[in-house]
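Under our numbering, the first residue of the sequence shown is numbered -4, with each subsequent residue one higher.
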Amino acid sequence: MTMLKLTILCAAWLVQTLPARADNLLIWNPVQVSDQAYKATMGFRLPFEWETSAGADFGLSATDGDAILKGSGQATLWGKISKVRATPAGPAQQSAGVRVDTLRGSGALMLSRSKSFILSDSLDLQTSRFVNIGFDPVAARQTSVTASQAMKLIYPWTGTALTANGSVTGLGQDFSSSVGVSQNILPNLNLNAAVNDPLSSSRSANVNINYRVTW
-4 MTMLKLTILC
6 AAWLVQTLPA
16 RADNLLIWNP
26 VQVSDQAYKA
36 TMGFRLPFEW
46 ETSAGADFGL
56 SATDGDAILK
66 GSGQATLWGK
76 ISKVRATPAG
86 PAQQSAGVRV
96 DTLRGSGALM
106 LSRSKSFILS
116 DSLDLQTSRF
126 VNIGFDPVAA
136 RQTSVTASQA
146 MKLIYPWTGT
156 ALTANGSVTG
166 LGQDFSSSVG
176 VSQNILPNLN
186 LNAAVNDPLS
196 SSRSANVNIN
206 YRVTW
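Given below as C-alpha cells:
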C-alpha cells in the first residue's frame, strides 16, 4: 500500500467517523469532496469582544492509480478577527483576515466593513467596503491590491433593492463597476437585473430569476 493510499484512507476514516464541529472553541469540518478527494478545515475560536479565529485548511486529491493530481494539494493557514454590533437599522460588521498558501508561496490580507442605515420610513441603505492585499510571504513584498465598495438602497415594503458596485485593481490601473436592481416576486422567487461597466463601450447586461427552496 502506497503512502498516498494510506493518507487517503486515513482522511476517509476521519471524514466518516468524526462529525463536523463549530462550537465556541473548536473548528473542525472534514469534507469528502469526491471518491478520491478530501478536505478538512481545523482551528479554534476565541469569544473576545473582537471574535478571533485561526486555523488551517488541508486538502488532497488522487487518481484511481494513486497518483496525486497536479495542483490539487492544499495547505493554507488562516486567521480572522471580526466584530459585529447591533444598530437600529441592522448589524454593523468589521473584520480583518489573512490567508497564507504554504504550498504556492502566496498570501492575502483582507479588510472589510459593512453597515446599515435607516434613511426614512420606507428606505434603508446598506454600505460595504472590501480591500484585498496580495503579498509574497517569502519575499515579504506586496503583489496586488483590490478595493471595492458597494451600496444598496432597499425599499422594504415593496421588496425592491437598487445596487451600485465599484472595484479598483492595481492601484487604479483597472476599474470596473455595475448597477442593478432586484425585486422579490414571491417569498422564494427573486428577479435580478444588472449592467456591468455602464459607462464603458464594452458594457454588458444580464437578467436572471432565482428560486430558493429550503427543507
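The beta carbon of each residue, even a glycine, is placed where N, CA and C say it ideally should be.
- Note that the segment 146 to 163 does not touch the segment 126 to 133; fewer than 3 beta-carbon pairs, one per stretch, sit closer than 8 Å.
- Per DSSP, reduced to three states, the secondary structure at D192 is coil, with no helix or strand assignment.
- The three-state reading of DSSP puts P86 in strand, counting E and B together.
- Y150 is classed as exposed because its beta carbon has fewer than 16 other beta carbons within 10 Å across all chains shown.
- In the same chain as L114, and ignoring 5 residues on each side of it, the C-beta atoms closer than 6 Å to its own belong to L120, in chain order.
- Residues R124, G161 of the same chain have their beta carbon placed closer than 6 Å to that of Q144, with the five preceding and five following residues left out of the count.
- Taking C-beta separations shorter than 8 Å and ignoring five residues to either side along the sequence, the partners of S29 in its chain run S56, following chain order.
- Within the same chain, and ignoring the five residues on either side of P83 in sequence, the residues whose Cβ sits closer than 7 Å to its Cβ are I113.
- Along the segment 74 to 124, the beta strand (DSSP E) occurs as fully enclosed runs of 3 or more residues at 85 to 96, 101 to 115, listed in sequence order.
- Looking only at A70, L184, A189, A87, the smallest Cα-Cα distance to S77 is reached by A87.
- Judged by their CB atoms, N179 and N185 are nearer to each other than the 7 Å cut-off.
- For P25, the secondary structure class from DSSP, reduced to helix, strand or coil, is strand.
- A Cβ-Cβ separation of about 3 Å places G54 in contact with Q69 under the 8 Å criterion.
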